[in-house]
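In my numbering, the protein residues as written are 638 to 861.
Here a beta-carbon is modelled for each residue, glycine too, at the ideal position from N, C-alpha and C.
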């Protein structure tokens, strides 16, 4: 399906799309591409029965005005999606999360991916600490925006099999030791992906100790 080429018609299209989707009360799987953030928010609010929600390359409608403006995204209503098994959200550009819910009612959640986040809300760790410990796939970024407290949240995921960390640079080295210590303690973890990581001596030393990892992907940051 071809989308409108001009901004006014494109916005009108997505508004009509979001409005129409509110009637899809039996929908279980949805994958969105290059849609504005408000469409994602509306889907989360209107369709709590969704089991798989994927929205990649979420588009910032303000990008043509100022390239440095972050896209605001409110995920507060995620907590009502009690049947959700997979969540994957990623922006075309940087996202500022304005709200995160408690995930305690999302007992079926198995795959969690939240990337291209340039600013997390202050309650990020309280929210992460409510994610079920049955989760097997976890992906998050930008890790440079996370503090040492992230390691303690990660420690809960004892059934984790795949971990992907993105944009581990610009000071992330200060948290690396704590994170890798937790990684070594996750007995079921066998796939580790480090994307855009500042490959320092500390990271190299810590990786050498991760003898339980069977598949390792490293994409270093160049020019640092």
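Check: According to DSSP, is residue 821 helix, strand or coil?; Outcome: helix
Check: Helix, strand or coil for residue 691 per DSSP?; Outcome: strand
Check: What does a CB cutoff of less than 6 Å around residue 829 pick up in its chain, not counting 5 residues either side in sequence?; Outcome: 800, 850 and 853
Check: Rank 686, 697, 726 and 757 by C-alpha distance to the C-alpha of residue 745 and give the top, closest one.; Outcome: 686
Check: Between 792, 794, 764 and 695, which lies nearest to residue 753 when the distance is taken from Cα to Cα?; Outcome: 695
Check: Looking at chain D, is there any beta carbon in it that lies within less than 9 Å of the beta carbon of residue 683?; Outcome: Protein chains in the displayed structure number just one, and chain D is not present.
Check: Count the other CB atoms, across all protein chains shown, that sit within 10 Å of the CB of residue 775; report buried if there are 16 or more and exposed otherwise.; Outcome: buried
Check: How about residue 711 and residue 778: do their beta carbons lie closer than 9 Å?; Outcome: no
Check: In three-state terms, what does DSSP make of residue 671?; Outcome: coil
Check: Roughly how many whole angstroms lie between the Cα atoms of residue 649 and residue 692?; Outcome: 19 Å
Check: Can you tell me whether DSSP reads residue 836 as helix, strand or coil?; Outcome: coil
Check: Nearest to residue 698 by alpha carbon, out of 688, 810, 720 and 675?; Outcome: 675
Check: Strictly by DSSP, which residues pair up with residue 828?; Outcome: 799 and 852
Check: To the nearest angstrom, how far is it from the Cα of residue 791 to the Cα of residue 765?; Outcome: 8 Å
Check: Give the single residue among 660, 772, 643 and 807 whose Cα lies nearest to the Cα of residue 836.; Outcome: 807
Check: Alpha carbon to alpha carbon, how far is residue 677 from residue 666?; Outcome: 13 Å
Check: Between which two residues does the alpha helix (DSSP H) holding residue 761 run?; Outcome: 761–765
Check: Just verifying my parser: in three-state terms, what is the DSSP assignment at residue 723?; Outcome: strand
Check: By alpha-carbon positions, which one of 642, 713 and 719 ends up nearest to residue 689?; Outcome: 719
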